[in-house]
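J.:
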Amino acid sequence: MDRFVPAVDDQQISREKNRARDLRKTQWWKQKRAKGKCYYCKREVLPRDLTMDHVVPLIRGGRSTKNNVVPSCKECNNRKKNLLPIEWEDYLEQLKKDDVDQ
Numbered sequence: 002m003d004r005f006v007p008a009v010d011d012q013q014i015s016r017e018k019n020r021a022r023d024l025r026k027t028q029w030w031k032q033k034r035a036k037g038k039c040y041y042c043k044r045e046v047l048p049r050d051l052t053m054d055h056v057v058p059l060i061r062g063g064r065s066t067k068n069n070v071v072p073s074c075k076e077c078n079n080r081k082k083n084l085l086p087i088e089w090e091d092y093l094e095q096l097k098k099d100d101v102d103q
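Sequential numbering from 2 applies to the sequence shown in the numbering used here.
(1) State the Cα-Cα distance for the pair LYS36 and PRO48, rounded to the nearest angstrom.
(2) Alpha carbon to alpha carbon, how far is THR52 from LYS75?
(3) Tell me the DSSP bridge mates of THR27?
(4) Using DSSP with H/G/I as helix, E/B as strand and the rest coil, what is CYS77?
(5) Anyone know if the C-beta pair for VAL46 and VAL56 falls short of 8 angstroms?
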């Protein structure tokens, strides 16, 4: 599947990163993280080990808004990188297929 990458300038990304920093300081984010569960793999982890992940990545036109950020374990965040939700699901399905084929 070819990935669509919109033109997002460095200034826009910088603005959104600043918004994410501000969002991390809010009570809303602290409560989301306090649950100690990764949005993607559903594993329980220490809240301090959860990172803020943009469901639609900044580089793909995503924003730092409450409906676009989720708590993610570092492993999932690193594996997801700049994938859109549908691409992430395809990636996970491929991993399952690879496990079955082995």
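All residues carry an ideal CB built from backbone N, CA and C; glycine is no exception.
T.: Per the coordinate set shown:
(1) LYS36 and PRO48 have their C-alpha atoms roughly 7 angstroms apart.
(2) So the two alpha carbons sit approximately 6 angstroms from each other.
(3) Here THR27 is not bridged, per DSSP, to any residue.
(4) In the three-state reduction of the DSSP assignment, CYS77 falls in the helix class.
(5) Taking 8 angstroms as the cut-off, the Cβ atoms of VAL46 and VAL56 do not count as close.
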